[in-house]
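Using our numbering, the letters of the sequence shown map in sequence onto residues 3 to 460.
Notes for the one structure printed next.
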Amino acid sequence: MNMEGENVEKPLLERKKYYENCPGCKVDKAKELSEGQGVPFKNLFIIWMVVLCAAMPISSLFSYLYFMVRDFNIAKTEADISFYAGYVGSAFMLGRCLTSVLWGIIADRYGRKPVLMIGIIAIVLFNTLFGLSTSFWMAVIMRFLLGCFSGLLGPVTVTASWGAGLIIGPALGGYLAQPVEKYPHIFPKNSFWDEFAYFFPNLIISAFAFVVAVGCIWIPETLHNHKYSNESIVNVEALEVGNRVVGIDKPIEKKEKLFFNWPLMSSIIIFCIFSLHDGAYHEVFSLWTVSPKRLGGLNFTTNDVGNVLSISGLAVIIYQLIIYPFVRKASGPIGIARISGILTIPLLQSYTFIGYLSGLALFILISIASILKNILAEQDQRGAANGISMTGLSLFKAIGPAGGGALLTLSQKRMDASFLPGTQMLFFILNTVVALGTLMTFKPFLVEKRKTQTNQLQ
């Protein structure tokens, strides 16, 4: 029976038609001709660089944001700096939230390549202007516009290159911000670099983005620009017949209305809760570490923050590439979310006590804690890739930094409170969000979609 099915199916597959002037057909034809010839390293390398280019403007900001907002002189007190810094951090995600669906539609209609090119050129332009910001509102607007044009995050995601951005970005921000203070023999005082103290890391990222934009010329477009003909329909029907011949009789499933698909919607809501925590944590961590000791912070420099975040990013890459596949196979994505949530709570609460240390012991412990926290972060968000989920995730990640900055400011203004003084309140609220998200991964809230007969046969 199987041999007969194979004989019937093969000639049916060969009836696929390629259109001469269609870029998508050219890519499909090239893939078919190159089967068994290895990985297309040139295209993979360019895509890898594109994602790295998208990650660095996000991660580089954490190392110096506190000092940048301080130099804008908008905060009335030192504790208020975190409040305003939160809005700079949120502006990017808010812009992405408002335009993510639009960029998805544009990519489906006009192609992925134009969206990638627009996104990279936007990094060159708006990231440069952000580095030249002379006021708080100019910085917020530049980050917002950068988020609005970050459509390149939708069409492509490469986990390893994104992790590399988490290493390189904080290092650039940490070592290249305020160059006059760090390298006075190269950058003289009262020079351009002194007036625009945070331009240098953004200039390097923008220059890299320009090189990547040139490299994108060689990325092939995958969009098909032709309508399906009657012959295409015949081919689809033939394939269905072929599937029935080999014994895979696929049932016709009714399309569910999206908002009434509770297995999907419950997953999206949980992802949004974890995104809220993730956005708040990353903003709060960098602001808390550079805050003065008297406000419950660690009094770190931009170099210190860059070192900690880069070490954490390297650990995340190693974990994702080597350890995570085995953990996911053993526990499944839901099991990982539950375990991560449960372990995150005591880890976050320990941050308050780490602040009492100093010197090398402080740096080592906070680096270990940061590594563990980033590894425990929700790793399996790749399944939420449709327009609604991306909009929801971006919205909650936009709320996170602003809310986290406001909470840090509030906690620093109540250092002498009798209940949850100082940063104890901050990390308690972050833990409350984690606990809520973890509880939602259990029934009756989270409902796993039942396996259909098709899934069981595959």
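Beta carbons are placed, not taken as given, at the ideal position from N, Cα and C, and that holds for glycine.
Values in this document were obtained by computation on a predicted structure and should not be read as measured data.
Asked	Found
Contact set for L428: own chain, Cβ-Cβ below 7 Å, skip 5 residues either direction	V286, L409, L410, S413
Exposed unless 16 or more other CB atoms sit within 10 angstroms - verdict on G249	With a pLDDT of 39 at G249, under the threshold of 50, the modelled position of that residue is not reliable, and no figure is offered here.
Pairwise C-alpha distance: G106 and N301	42 Å
Residue of D110, G217, Y321, T440 minimising C-alpha distance to V53	G217
Proximity below 9 Å, CB of P186 to CB of S65	no
Span separating the alpha-carbon of I373 from that of F198	32 Å
9 Å Cβ cutoff, R296 in contact with chain B	Protein chains in the displayed structure number just one, and chain B is not present.
Helix, strand or coil at R384 [DSSP, three-state]	Note on R384: pLDDT 39, under 50, position unreliable in the model; the coordinate value appears next. Looking at R384 - three-state DSSP - the assignment turns out to be coil, as it is neither helix nor strand.
Nearest-angstrom beta carbon gap, S62 and I169 [assumed within contact, 8 Å]	Not a contact, Cβ separation roughly 11 Å.
Spatially closest choice to L178 from A109, W290, F194, Y200, by CA coordinates	Y200
Best match in L148, V307, Y321 for proximity to I366 [C-alpha to C-alpha]	V307
Contact check, M119 vs F132, beta carbons under 9 Å	no
Residue range of the alpha helix (DSSP H) that includes I125	First-last for I125: undefined, no H or E at that position.
Meets three-Cβ-pair contact criterion under 8 Å: the stretch 427–447 and the stretch 315–332	no
Three-state class that DSSP yields for P446 in the structure shown	coil
Which of helix, strand or coil DSSP assigns to I170	helix
Boundaries (first-last residue) of the alpha helix (DSSP H) holding T291	264–292
Distance CB(V449)-CB(W195) smaller than 9 Å	no
Pairwise C-alpha distance: Q351 and V158	Here V158 scores only 48 on pLDDT, less than 50, and its place in the model should not be relied on; the value that follows carries that caveat. So the two alpha carbons sit approximately 36 Å from each other.
Where D418 falls: helix, strand or coil (DSSP)	coil
Sequence ranges, alpha helix (DSSP H) only - wholly within the stretch 351–380, length at least 4	353–356, 361–378
Pick from K375, L147, L323 that is closest to G343, judged by C-alpha positions	K375
Same chain only: Cβ atoms within 6 Å of I356, ignoring 5 sequence neighbours per side	L367, I368
Integer Cβ distance of G165 from Q322, believed to fall under 8 Å	6 Å
Alpha-carbon to alpha-carbon, T346 and E380	Note on E380: pLDDT 47, under 50, position unreliable in the model; the coordinate value appears next. Answer to the nearest angstrom: the Cα atoms are 11 Å apart.
Given L96 as reference, the closest of L148, P203, G298 once Cα atoms are compared	L148
Collapsed DSSP secondary structure at P190 in the structure displayed	coil
9 Å Cβ cutoff met for I48 and W220	yes
Which listed residue (G176, E80, S288, G407) has its alpha carbon closest to that of T304	G176
Environment of W290 [buried if 16+ CB atoms lie within 10 Å]	buried
Near the ligand FAD: F47 beta-carbon under 8 Å from a heavy atom	In the structure shown, the ligand FAD is absent, as is every other ligand, since no ligand is present at all.
F94 in three-state terms, based on DSSP	helix
R296 burial status per 10 Å Cβ neighbour count (16 or more: buried)	exposed
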